[in-house]
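Quick notes on the structure that follows.
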Amino acid sequence: MGTELAGLIRADLAALSNDANRLASVAPAANAGHPALGDGTGDFSFAQSMKNALVSVDQDQQVANQKMADVDSGKSDDLVGAMLSSQQANLSFSMLMQVRNKVMGAVDELMKLPV
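Its first residue numbered 199, the sequence shown is counted upward by one per residue in my numbering.
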């Protein structure tokens with residue numbers, strides 16, 4: 199019984215080692231220059247991704263504010279476009295807040311882990 203178990207453990211360990219070696223040889227996928235995925239060198243930075251998201255949300259808000267100001271001042275009659283931009287900015291801000299809340303919850307859980 200003990201030798202059978204040892205043999206099964208060795209077989210599982212060999213299979214895991216083979217799988218690990220195969221995974222190590224797989225090259226990471228290129229991020230195609232996506233700004234949230236780093237600088238294109240394969241390096242990923244969560245902090246940089248959050249900064250990029252903040253900049254994007256801020257730009258959406260600025261565009262929405264400008265479109266609303268143009269409608270208010272009479273420079274534009276595109277009320278539908280202004281409302282859509284406003285809703286897009288609102289949704290992107292809500293999504294960013296949800297990500298922030300999830301990250302903060304994860305950090306709280308990590309802080310609770312015993313060392």
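Every residue gets a Cβ at the ideal spot worked out from N, C-alpha and C, and that includes glycine.
Which first and last residues belong to the alpha helix (DSSP H) in which residue i is found?
i	result
V305	L277 to K310
K249	F244 to S271
So is the beta-carbon of residue i under 7 Å away from any non-hydrogen atom of the ligand FMN?
i	result
P312	The ligand FMN is absent from the structure shown, which contains no ligand whatsoever.
Please return the same chain residues whose Cβ sits closer than 6 Å to the Cβ of residue i, not counting the five positions on each side in sequence.
i	result
A234	For A234, the pLDDT reaches just 49, beneath the cut-off of 50, and the residue's location in the model is therefore unreliable, although a value from the coordinates is still provided. Same-chain partners within the cutoff: S247 and N250.
L311	none
In terms of alpha-carbon separation, which member of the options lies closest to residue i?
i	options	result
G279	K265, S292, D306 and M309	K265
Q296	V269, L252 and A267	L252
A262	N288, A213, E202 and R220	N288
V255	S290, A212 and F242	S290
D258	L282, D270, M309 and D275	L282
Who are the Cβ neighbours of residue i in its own chain at under 7 Å, not counting the five residues just before and after it?
i	result
G236	Unreliable placement is indicated for G236, whose pLDDT of 49 sits below 50; the coordinate value is still reported in the next sentence. Answer for G236: N229, F242, S243 and Q246, listed in chain order.
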